[in-house]
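Start counting the sequence shown at 9; every next residue gets the next number (my numbering). For glycine and all other residues, C-beta sits at the position ideal for the given N, C-alpha and C.
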Amino acid sequence: MKKIIFVISLVVIMASILLYFDGNFYSSFFNYIKCESRKTCLHESAHQYDYQHGIISESNEWKLAVDNYQRHALDGYTDASQVPVETVLLVLFPGIGRERNVSLNPFQSSFWEGGWGGYTEYYASVINYTDGNINKIPENLRRFYDMEEINTTTKGLGY
Ligand SMILES: [Zn+2]
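This is the structure we're talking about:
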């Protein structure tokens, strides 16, 4: 009984923290999204889709596809001004392969960067960088998304 009350209290505390939390986020525990613009709602909807489908962003297939995309995204371009904005954002995306959590060791980059979501943040960022437009998503990454479902979630959030 004590344990149940303890767990219920934890859930209530967490819920009130989440409700008053300022900013945009997705809580997989509460399956709750807080967002304030189309871009942030697309981003958080992608996080929700990711979690609800077995955390696609942590799969080796996803990581390999991202690595391949990063390696070849600029192939064929000779003029930087010809590179689409979303490609620039996805190629220069910081944090790939770095520590997810804040490190206590100042000799590790995540100590200064406050930790990073790496491939998981990349997964959600692809969607807000491309404004949820399947044609703008890099071809080899499209199969990891169901844009109908993600766009429906975003619309349900009012965007
Ligand atoms: Zn995110």
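Got a sec: does ligand 1 put a non-hydrogen atom nearer than 7 Å to the Cβ of residue i?
i	result
residue 61	no
residue 125	yes
residue 129	yes
residue 132	yes
residue 80	no
Give the secondary structure of residue i by DSSP, where H, G and I count as helix, E and B as strand, and everything else as coil.
i	result
residue 35	strand
residue 144	coil
residue 16	helix
residue 77	helix
residue 131	helix
residue 41	strand
residue 61	coil
residue 112	coil
residue 9	coil
residue 67	coil
Our contact map puts residue i next to residue j with C-beta atoms below 8 Å; I'd like the distance itself, whole angstroms only.
i	j	result
residue 135	residue 54	4 Å
residue 146	residue 81	7 Å
residue 46	residue 167	4 Å
Please classify residue i: is it buried, with 16 or more other beta-carbons within 10 angstroms of its beta-carbon, or exposed?
i	result
residue 128	buried
residue 137	buried
residue 12	exposed
residue 85	exposed
residue 21	exposed
residue 41	buried
residue 74	buried
residue 31	exposed
residue 65	buried
residue 98	buried
(message) Below 8 Å, how does it come out for the region 36 to 56 and the region 146 to 163: are there three or more Cβ pairs, yes or no?
(response) yes
(message) Can you confirm whether the region 145 to 158 touches the region 61 to 73 when touching is taken to mean that 3 or more C-beta pairs between the two stretches lie within less than 8 Å?
(response) yes
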